[in-house]
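Asker: Position 44 of the sequence shown, counted from 1, bears residue number 44 in the UniProt record's numbering, the numbering being contiguous throughout.
Just so you know, even glycine gets a beta-carbon here, dropped at the ideal spot from N, CA and C.
As the structure is a computational prediction, the values presented were derived from the model and not from experiment.
Sharing a structure with you now.
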Amino acid sequence: MSTSTSNVQSKKQHQRMNPFQKRQFTTIIGNQAKGAMSEQICQKKKITKKCPSMSLDNFLNNNQEYEDEHEGEDEHEGEYEQEKGETSKRKRGKTKCLEAHARSLEDRMEIIFNEYGVPIGPDQRTFVQFSNFLGTMARSSDFCPLVYTNWKAVPDKDLIWAYVKQKYIIPDVGKKVVFAILNDAWRRHKCAIKEEHFSKYKTTYERLKNRPKDIPESHFKELIRYWSLGNIQD
């Protein structure tokens, strides 16, 4: 099928959507574009490596020269260990969607998709709540830990899908959109963590002292080592 034919069909499909469907379709495409833009901002302009899909632990073990080049860089880490007991300032957290996570099978809400896999109902408010719920999963170290080079390497996606279906009634045609939203949210979350908790500080001591509290310390230490490698394309 030629590109022009495909574009004509896509245009016709879009024209058949009602205003709510068009907004949802535009929102999904817009979020994916926003995620790609955020990822580009996080990366250096000069890219020297492209990471394969794997855990950060395996990647670092395969790039052992990092340890030799940065030996002694963590000399202040001991000072951080002594200060861990200090109380940090409380900050307003992300949306947690506790009601959705506590929902039983009997109380599940239905998300309706059309034949093209675009969410069309039951209404915009419900879909926004659903998107926020997926965002909490993408930011969860239990569901989607950041200790992987890219989203493709994140394991247990079948378990993630099963959990989503425990909280919402979703047809299989919606699975692609669900994982597109999770992928986008996970990448933007990883980018935000790098900007706010790694790039803003110069030393490992400062970075650990300002670690995001919703990320396990062991995970954040791996991220520090990984990002310290420099010009890497996730």
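To the nearest angstrom, how far is it from the Cα of Y205 to the Cα of S131?
Answerer: The residue you call residue 205 lines up with position 205 of the sequence shown. The residue you call residue 131 lines up with position 131 of the sequence shown. Taking the straight line joining both Cα atoms gives about 36 Å.
Asker: Look up E222 in the DSSP assignment and say whether it is helix, strand or coil.
Answerer: Here residue 222 refers to the residue found at position 222 when the sequence shown is read from its first residue. DSSP places E222 in helix when its eight states are reduced to three.
Asker: State the CB to CB distance for the pair A227 and K194, rounded to an integer number of angstroms; the pair is presumed to be in contact (CB under 8 Å).
Answerer: As a first step, residue 227 must be located in the sequence shown, where it is residue number 227. As a first step, residue 194 must be located in the sequence shown, where it is residue number 194. Checking the sequence shown, residue 227 turns out to be Trp, not Ala. Right, the Cβ-Cβ distance comes to about 6 Å (below 8 Å), so this counts as a contact.
Asker: Around the Cβ of G85, are there at least 16 other Cβ atoms within 10 angstroms (buried) or fewer (exposed)?
Answerer: Here residue 85 is taken as the residue at index 85 of the sequence shown, counted from 1. Its pLDDT being 49, under 50, G85 is placed unreliably by the model, and the measurement read from it follows with that caveat. Classification of G85: exposed, given that the 10 Å Cβ count is below 16.
Asker: Taking the C-alpha atoms as reference points, what is the distance between F113 and V128?
Answerer: Within the sequence shown, the letter at position 113 stands for residue 113. Within the sequence shown, the letter at position 128 stands for residue 128. Taking the straight line from one Cα to the other gives about 14 Å.
Asker: Tell me E110's beta-bridge partners as DSSP assigns them.
Answerer: Locating residue 110 in the sequence shown gives position 110, counting from the first residue. Bridge partners of E110: I169.
Asker: Would V178 and I169 qualify as a contact pair, given that the criterion is a beta-carbon distance under 8 Å?
Answerer: For this step, residue 178 is matched to residue 178 along the sequence shown. For this step, residue 169 is matched to residue 169 along the sequence shown. Contact flag unset, no.
Asker: Taking the C-alpha atoms as reference points, what is the distance between L146 and G117?
Answerer: The sequence position of residue 146 within the sequence shown is 146, counting from 1. The sequence position of residue 117 within the sequence shown is 117, counting from 1. C-alpha separation (whole angstroms): 28 Å.
Asker: From E217, L182 and N183, pick the residue whose C-alpha is nearest to that of H197; which is it?
Answerer: In the sequence shown, counting from the first residue as 1, residue 197 sits at position 197. The shortest Cα separation from H197 among E217, L182 and N183 belongs to E217.
Asker: Can you tell me where the alpha helix (DSSP H) with I181 in it begins and where it stops?
Answerer: If you number the sequence shown from 1, residue 181 lands on position 181. Element bounds for I181: K175 to K194.
Asker: S55 by DSSP, collapsed to three states: which one?
Answerer: Counted from its first residue, the sequence shown places residue 55 at position 55. Three-state DSSP puts S55 in a strand.
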